[in-house]
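Notes to accompany the following structure.
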Amino acid sequence: MAEILQGDEAQIILSSQQGDINAFNLLVLRYQQSVYNVALRMLGDSDVAADVTQETFLAALRAIKSFRPGSSFRAWLLRIASNQACDHWRRTHRHVLESLDSLTDEDEPHTGGALSTLIATGNQVNPEESLLTHELQELIARGLQTLPLDQRVAVILCDLQGLSYDEIAATTGTTLGTVRSRIARGRARLRDYLYQHQELLPRSYRLMTDRD
Amino acid sequence: MAQHSNEHLTITELSAYLDKELTPAELALCDAHIQTCQPCQAALSDLRLTSALLSSMPQVAVPRSFVLPTNIAVLPETPAMVTKAPNRSSSLAPLVLKRTIRTLSTLAAILGLIFILAGTISALPHGGVTSGVSTASGVTAPSSIEATRKAPATSSTKSGASTPAQDRTPHATGTYSGTATSAPSPGLTPTPGQPYGIDNRQHNKPPQTPELPPTLNLGRTEGRLTIGGALLLLGILGVLMSKLFRNPARH
């Protein structure tokens, strides 16, 4: 399916813009995983993420005629998805203001490299290759929830969805400088979150830090 | 941006360095600094690991298919949903306008009710003009009429009394009731040549403000009733309109 879509995406989008639901559903099949995962990492709840995913595709169908051929359909769709997820978050977390700035000074870059020893220095875990433990996944997922919305969107699109800074700027409607800053601050905040929750990490990781 | 290689790099520079999203000039500066700065190397290492951990988060399989039913009714296009992020304030504008209209309409209706109430009370056999005015004293506008009645020839008193009323009524009632509430203000300036006596029912009462027809004179019972009724009508109309023009893009 993906290979078929790759070459024909422009044609499929054109058909969708002319009201062909079946064509649009090919796009749904192609992108539903990305949309669902963005919603899931943004909101942290699978049921809510499913609802937001469905709302995203309904909204995309209604707005499909406004899509400009030649631009990235994925970025356009993820923009709708992140907007929907942000709207949902604001509706349900109205009382939780995004003023968690007192967590740490994100611009302080020199924390001594302790995270490297915290996570793994041996061969047990190489994040690039092996699967993260369930506990670590949970911890990172919860850490994402603590980020301010704009940083959360930027980090998810960059590190989890692999979008370039240019694509993220297009997706979020911001400048490259803003994207750069949001990603950096989001990562720094998440790094500090992992520091602060060492006790939640699996025993092997904690032993590493205890030795320090 | 670090000005020279002796300054530590910021977290933004380190993060962009990690993603190879620096300009060539920035890259050269960062490269030179990192090679000689151990703290920056450690900070970069932490960021790299954090980014790697995030990238290693598995893609979760979708719990169900999100394919849309083929018979789905395509609603009218709502481009606002796509342009929401950059133009959030403009997409909120209709909502704010709607709320403002609704608030103003409600205020106009309340003001109208107060006028009607004041007029009704003063029309009672035992209730005098003073009771009617005191009932509506919270609205400020009738107090200016009272001042006018007490000293109809003193222009300084009139202007002083009319200022708060003119200041407040446009805020309270807005554009809908602007014409209705501004009606008393001509009565504050004496215009002797103005024709009088549209309604002859009031001939038995001594005219106190002969400049206005009784139906527009807030000092008179029927004036309060008329203006109150008009305000109430405007308020109801405004509330109805704000409900009718509901933004179809919202869901």
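Line by line, the protein sequences are chains C and E. In this text, residue positions in the first sequence follow our numbering: the first is 13, and each later residue adds one. In this text, residue positions in the second sequence follow our numbering: the first is 126, and each later residue adds one. The beta carbon of each residue, even a glycine, is placed where N, CA and C say it ideally should be. Treat the numbers as computed from the prediction; the structure is a model and nothing was measured.
>> I need the boundaries of the alpha helix (DSSP H) containing Ala35 of chain C, first residue and last residue.
In response: Counting along the chain, the alpha helix (DSSP H) containing Ala35 of chain C begins and ends at Ile33 to Leu55.
> Can you tell me whether DSSP reads Gly237 of chain E as helix, strand or coil?
Replying inline: Gly237 of chain E falls in the helix class under three-state DSSP.
> At least one CB of chain A closer than 8 angstroms to the CB of Gln184 of chain E: is that the case?
Replying inline: No chain A is present in this structure, whose protein chains are C and E.
>> Looking at chain C, is there any beta carbon in it that lies within less than 8 angstroms of the beta carbon of Thr137 of chain E?
In response: The beta carbon of Thr137 of chain E sits closer than 8 angstroms to some beta carbon of chain C.
>> If you reduce the DSSP assignment to three classes, tell me which class Lys368 of chain E lands in.
In response: Here Lys368 of chain E carries a helix assignment [DSSP, helix/strand/coil].
> Since Ser58 of chain C and Pro149 of chain E are thought to touch, with beta carbons under 8 angstroms apart, how far apart are those beta carbons, to the nearest angstrom?
Replying inline: The Cβ separation is near 44 angstroms, so there is no contact.
>> Using 8 angstroms as the threshold, is the C-beta distance between Ala97 of chain C and Leu55 of chain C below it?
In response: Cβ distance < 8 angstroms, so Ala97 of chain C and Leu55 of chain C count as in contact.
> With distances taken from CA atoms, which of E:Phe191, E:Lys368, E:Ile159 and E:Ala233 is nearest Leu357 of chain E?
Replying inline: The shortest CA-to-CA distance from Leu357 of chain E to any of E:Phe191, E:Lys368, E:Ile159 and E:Ala233 is the one to E:Ala233.
> Can you list the residues of chain C that Phe240 of chain E reaches, using a CB-CB cut of under 7 angstroms?
Replying inline: Listed along chain C is no residue with a C-beta nearer than 7 angstroms to that of Phe240 of chain E; the closest approach is about 38 angstroms.
>> What would DSSP say about Asp63 of chain C, mapped onto helix, strand or coil?
In response: Helix.
>> Give me, in chain order, the residues of the same chain whose beta-carbon lies closer than 8 angstroms to that of Asn325 of chain E; leave out the 5 immediate sequence neighbours on both sides.
In response: The predicted position of Asn325 of chain E is uncertain, since its pLDDT is 45 and thus under 50; a value taken from the coordinates is nonetheless stated next. Once the five neighbours on either side are set aside, Asn325 of chain E has no close Cβ partner at all.
> Quick one, which of E:Arg345, E:Ser140, E:Thr175 and E:Leu134 has its alpha-carbon nearest Leu242 of chain E's?
Replying inline: Per the Cα distances, E:Arg345.
> Given that a residue counts as buried once 16 or more other Cβ atoms are within 10 Å of its Cβ, and exposed if not, what is Gln163 of chain E?
Replying inline: By the 16-neighbour rule on beta-carbons within 10 angstroms, Gln163 of chain E is exposed.
> Mind pulling the chain E residues with CB within less than 7 angstroms of Leu52 of chain C?
Replying inline: What Leu52 of chain C touches in chain E: Val185.
> Roughly how many angstroms lie between the CA atoms of Ile197 of chain E and Arg86 of chain C, to the nearest whole one?
Replying inline: If I take the Cα positions, the gap works out to 23 angstroms.
>> I'd like to know whether the C-beta atoms of Thr137 of chain E and Ala196 of chain C end up nearer to each other than 8 angstroms.
In response: Yes; because the gap between Cβ atoms is below 8 angstroms, this pair is in contact.
>> Cβ closer than 9 angstroms: which chain C residues qualify as neighbours of Asp156 of chain E?
In response: What Asp156 of chain E touches in chain C: nothing, since even the nearest Cβ is about 16 angstroms away.
> When you compare only the Cα positions, how much space is there between Ile226 of chain E and Asp32 of chain C?
Replying inline: Straight-line Cα distance between these residues: approximately 40 angstroms.
>> Taking its Cβ as the centre, do 16 or more other Cβ atoms sit within 10 Å of Ala141 of chain E, making it buried, or is it exposed?
In response: Buried is the call here.
> Do Leu188 of chain C and Leu179 of chain E come within 8 angstroms of each other at the CB atom, strictly closer than that value?
Replying inline: No, Cβ-Cβ distance for Leu179 of chain E and Leu188 of chain C is not below 8 angstroms.
>> Below 9 angstroms on C-beta distance, what does Thr195 of chain E contact in chain C?
In response: Simply Ile33, Asn34 and Asn37.
> Would you report the Cα separation of Gly318 of chain E and Ala248 of chain E, rounded to the nearest angstrom?
Replying inline: Confidence in Gly318 of chain E is poor, its pLDDT being 42 and thus under 50, which makes the residue's placement unreliable; the coordinate value appears in the next sentence. Distance between the alpha carbons of Gly318 of chain E and Ala248 of chain E is about 29 angstroms.
> Looking at C-alpha atoms only, which residue of E:Lys368, E:Thr135 and E:Gln184 is the closest neighbour of Leu169 of chain E?
Replying inline: Shortest Cα-Cα distance from Leu169 of chain E to any of E:Lys368, E:Thr135 and E:Gln184 involves E:Thr135.
> Thinking C-alpha only, which one of C:Gly82, C:Arg53 and C:Leu73 is nearest Asp20 of chain C?
Replying inline: Nearest of C:Gly82, C:Arg53 and C:Leu73 to Asp20 of chain C, Cα basis: C:Gly82.
> Of all Cβ atoms in chain C, is any one closer than 8 angstroms to the Cβ of Leu152 of chain E?
Replying inline: By this cut-off, Leu152 of chain E is not an interface position.
> Taking C-alpha atoms, which residue in E:Leu139, E:Leu222 and E:Asp144 lies nearest to Cys110 of chain E?
Replying inline: Limits of chain E in this structure are 126 at one end and 376 at the other, which puts residue 110 of chain E out of reach.
> Which one of C:Arg154, C:Thr183, C:Ile25 and C:Asp99 has the shortest CA to CA distance from Arg201 of chain C?
Replying inline: Comparing Cα positions, the closest option is C:Arg154.
> In terms of residue numbering, what span does the alpha helix (DSSP H) encompassing Pro164 of chain E cover?
Replying inline: Per DSSP, Pro164 of chain E is one residue of the alpha helix (DSSP H) stretching across Gln163 to Ser180.
>> If you measure between the beta carbons of Leu175 of chain C and Leu169 of chain C, is that distance less than 8 angstroms?
In response: With respect to the 8 angstroms criterion, Leu175 of chain C and Leu169 of chain C are classified as neighbours on the basis of their beta carbons.
> What's the gap between the Cα of Asp144 of chain E and the Cα of Phe79 of chain C?
Replying inline: Between Asp144 of chain E and Phe79 of chain C, the alpha-carbon positions lie close to 29 angstroms from each other.
>> Under DSSP, the alpha helix (DSSP H) around Cys98 of chain C begins and ends at which residues?
In response: From DSSP, the alpha helix (DSSP H) with Cys98 of chain C extends over Phe85 to Thr104.
>> Under DSSP, the alpha helix (DSSP H) around Leu139 of chain E begins and ends at which residues?
In response: Residues Ile136 to Leu143.
>> Does the CB of Ser181 of chain C have a neighbour CB from chain E at under 8 angstroms?
In response: Checking the sequence, you will find Ala at residue 181 of chain C rather than Ser. Not closer than 8 angstroms to any Cβ of chain E, the Cβ of Ala181 of chain C fails to qualify, so no.
>> Rounding to the nearest angstrom, what Cα-Cα distance links Thr175 of chain E and Pro183 of chain E in this structure?
In response: Their backbone Cα atoms lie some 15 angstroms apart in a straight line.
>> Beta-carbon within less than 7 angstroms of Arg199 of chain C's beta-carbon, same chain only, minus the 5 sequence neighbours each way: which residues are those?
In response: Exclusion of the five residues before and after Arg199 of chain C leaves Val167 as the residues of its chain whose Cβ lies within less than 7 angstroms of its Cβ.
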